[in-house]
Amino acid sequence: MIELNLLLIFIIIAAIVAIEVKDLLSAVVAVGVSGFGLCITFLTLKAPDLAITQLVVEILCLIILIRATIRLDLPFSTSGRWFVNTFITLVFVAVFFYCGYKALNSLPQFGNPIMKVSQFYLTEGTLEKIHATNLVSAINLNFRAYDALGEATALFAAAIGVMALMRRKGKKTPGEKESDG
Amino acid sequence: MDNNAGMSLIVKTVTRILVGFILLYGIYIVLHGHISPGGGFAGGFIIALTYILFMLAFGKEEILKRVPQSRIPLLESIGALMFLTIAVLGFFGGYFFANWLPKGISFKLFSAGTIPISNIALAMLEVSLGLFGIFLVLVLLKFTPSKNGGKEN
Amino acid sequence: MLTYLLCLVLFCVGLYAILRKRNIIKIIIGVVICEYAVNLFLIVFGYRANGRSPIYSQDQKIIDMVDPLPQACAMTSIVMGLAITALLVAIAIRIYEKYSTFDITKIRKLKG
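Chains as they are written, first to last, in the numbering used here: chain A, 92 to 272; chain B, 1108 to 1260; chain C, 40 to 151.
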């Protein structure tokens, strides 16, 4: 799987560019590069559903981020304790990386998943009893439908939060929206 | 309408032809979610992206005229209630979220019981979320430059 | 093993952006990168060598499927990521309207 590792290195380089470049619009575009690389990686890892979803979500996310930053591009200065801040952050990230590296040793080898739970779905007869062809859809909406219900609840909460943030201004000046729009 | 809003005439004409096909493709992905890759998650966002294409080509006023902002929470509520109704109706089959509808034949469109209906309900949620993103961009950012322009520069 | 390590490196890049950067948009970008790393790790964890995608096909018996369960979980997580990003951008825009800056240290200074 050499192409998989190359794609991951490409994503990491795009992410580093995204967080280190000065211009905000360039940073958002670099995040888009990283996301589309992730989409190709999903396709390599045999997950076509996820590739489609990631592609579409990435486009929507990119449009929101670009419209948020395109007018408000401000140069920001790094003043004060630059060295101390960077040093403390790097130490924390290094400790985190070390602990994560130790934890990775107990995982199964790459390419040999355990599939203790999925074996139930495979042998249950998704094709014979439920007659669903797409296993991901069947797991999401039939076997583990509580996941989808919780996800719908969380989406509802997020949308209501966005609506509350949007409406505060509109209520204060109700006539302004029609005249401006 | 105002000809200066949005992009040039070529983009507008091509968009007018293509929007219907993209919408149809999104509906196809939603309805075939249990047979082929895709499903309610991806298809709903494709449907929402047609509105974004429309917005980018024709400008803000046109889409605010066609999709009133008050109708989006209604769509989202219908989607959530539909999903919950499917879950509660599972008591006909014995338990919460039971797949009690007739299953049909594999590899056919009308099969797999409640899964296609759940896909449609989820797609409604996703469409409303995408439209919320659009109106976040439109309504929230509209006031910002005029208000802070004098203060900032 | 190297693949898992690269996912961890990607997560650390996002963590560095969240902790170190002062611009709110950069912090949102760090959150998005962390999401990418977690989704990627879930899918890599369920990959089977030379496997096939978890979709049945007509007149074929498929036995070497990749694990479909992490894919179903990651599908939910991707959609949640978009909702989180929209909410964060809305909050950032509100902060910009109130303080007319994206710099978090300036916001702290204004609060007194």
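A virtual CB, placed ideally from N, CA and C, is assigned to each residue, including glycine.
Rounded Cβ spacing between residue i and residue j (contact assumed at less than 8 angstroms)
i: Ile-221(A); j: Ala-111(C); result: Between Ala-111(C) and Ile-221(A) the Cβ distance is about 14 angstroms, and since that is not below 8 angstroms, they are no contact.
i: Pro-1223(B); j: Leu-1138(B); result: 7 angstroms
i: Ala-131(C); j: Ala-159(A); result: 7 angstroms
i: Phe-80(C); j: Cys-46(C); result: 4 angstroms
i: Ala-1149(B); j: Ile-143(A); result: 4 angstroms
i: Gly-1133(B); j: Leu-1229(B); result: The Cβ separation is near 13 angstroms, so there is no contact.
i: Phe-178(A); j: Leu-54(C); result: That belief does not hold up - the Cβ atoms of Phe-178(A) and Leu-54(C) are roughly 16 angstroms apart, past 8 angstroms.
i: Ile-94(C); j: Leu-226(A); result: 7 angstroms
i: Ala-129(C); j: Leu-256(A); result: 4 angstroms
i: Glu-149(A); j: Gly-123(A); result: 7 angstroms
i: Ala-113(C); j: Leu-141(A); result: 6 angstroms
i: Ser-1225(B); j: Phe-1190(B); result: 6 angstroms
i: Ile-154(A); j: Ile-1153(B); result: Not a contact, Cβ separation roughly 14 angstroms.
Residue range of the unbroken alpha helix (DSSP H) whose run includes residue i
i: Thr-224(A); result: Per DSSP, Thr-224(A) belongs to no alpha helix (DSSP H) and is neither H nor E.
i: Lys-1167(B); result: 1167 to 1173
i: Gly-1186(B); result: 1178 to 1196
i: Phe-101(A); result: 93 to 111
i: Ser-1235(B); result: 1222 to 1242
i: Arg-158(A); result: 139 to 160
i: Ala-185(A); result: 173 to 195
i: Ala-1219(B); result: Here Ala-1219(B) belongs to no alpha helix (DSSP H), and DSSP marks it neither H nor E.
i: Ile-131(A); result: 115 to 135
i: Leu-213(A); result: 209 to 214
Environment of residue i [buried if 16+ CB atoms lie within 10 Å]
i: Leu-97(A); result: exposed
i: Ile-1179(B); result: buried
i: Met-1114(B); result: exposed
i: Glu-94(A); result: exposed
i: Val-300(A); result: Not covered by the structure: residue 300(A). The range shown for chain A is 92 to 272.
i: Ser-1177(B); result: exposed
i: Asn-89(C); result: exposed
i: Pro-1175(B); result: exposed
i: Met-104(C); result: buried
i: Leu-1125(B); result: exposed
i: Arg-1123(B); result: exposed
i: Val-182(A); result: exposed
i: Lys-65(C); result: buried
i: Arg-1173(B); result: exposed
i: Ser-96(C); result: exposed
i: Ser-270(A); result: Per-residue confidence for Ser-270(A) stands at a pLDDT of 44, beneath the threshold of 50, marking its modelled position as unreliable; no derived number is given.
i: Ala-1219(B); result: buried
i: Met-1116(B); result: At residue 1116(B) the sequence reads Leu, which differs from the Met that was named. Result: exposed.
i: Asn-203(A); result: exposed
i: Gln-210(A); result: exposed
i: Cys-190(A); result: exposed
i: Thr-124(C); result: buried
i: Phe-247(A); result: buried
Cα-Cα separation, residue i to residue j
i: Ile-1185(B); j: Glu-1233(B); result: 12 angstroms
i: Thr-132(A); j: Cys-152(A); result: 19 angstroms
i: Ser-1143(B); j: Ile-82(C); result: 19 angstroms
i: Val-1121(B); j: Ala-1164(B); result: 9 angstroms
i: Pro-139(A); j: Gly-1145(B); result: 8 angstroms
i: Ala-223(A); j: Gly-1200(B); result: 18 angstroms
i: Gln-200(A); j: Ile-103(A); result: 22 angstroms
i: Ala-109(A); j: Ala-1205(B); result: 46 angstroms
i: Lys-1119(B); j: Lys-1167(B); result: 14 angstroms
i: Gly-1151(B); j: Thr-115(C); result: 14 angstroms
i: Leu-213(A); j: Gly-1140(B); result: 19 angstroms
i: Gln-136(C); j: Phe-1128(B); result: Correcting the residue identity first, residue 136(C) is Glu in this sequence and not Gln. Distance between the alpha carbons of Glu-136(C) and Phe-1128(B) is about 39 angstroms.
i: Ser-1213(B); j: Asn-196(A); result: 42 angstroms
i: Ala-1187(B); j: Glu-242(A); result: 10 angstroms
i: Ile-157(A); j: Leu-116(A); result: 7 angstroms
i: Asn-78(C); j: Glu-219(A); result: 31 angstroms
i: Leu-49(C); j: Val-147(A); result: 22 angstroms
i: Lys-1215(B); j: Leu-58(C); result: 51 angstroms
i: Glu-1183(B); j: Ile-117(C); result: 19 angstroms
i: Ala-1155(B); j: Trp-1207(B); result: 31 angstroms
i: Arg-133(C); j: Val-1244(B); result: 12 angstroms
i: Ile-67(C); j: Leu-127(C); result: 7 angstroms
i: Val-112(A); j: Tyr-43(C); result: 27 angstroms
i: Ser-139(C); j: Arg-61(C); result: 15 angstroms
i: Met-40(C); j: Phe-84(C); result: 10 angstroms
7 angstroms Cβ cut-off: residues of chain F touching residue i
i: Asp-106(C); result: Judged by its chain identifiers, the structure shown contains no chain F, and its protein chains are A, B and C.
Beta bridge counterpart(s) of residue i as assigned by DSSP
i: Asp-106(C); result: Answer is none; Asp-106(C) lacks a bridge partner.
i: Ile-132(C); result: Bridge partners of Ile-132(C): none, in fact.
i: Asp-142(C); result: Asn-62(C)
i: Gly-1127(B); result: Looking at the DSSP assignment, Gly-1127(B) forms no beta bridge with any residue, so it has no partner.
i: Arg-91(C); result: Met-104(C)
i: Gly-202(A); result: Arg-87(C)
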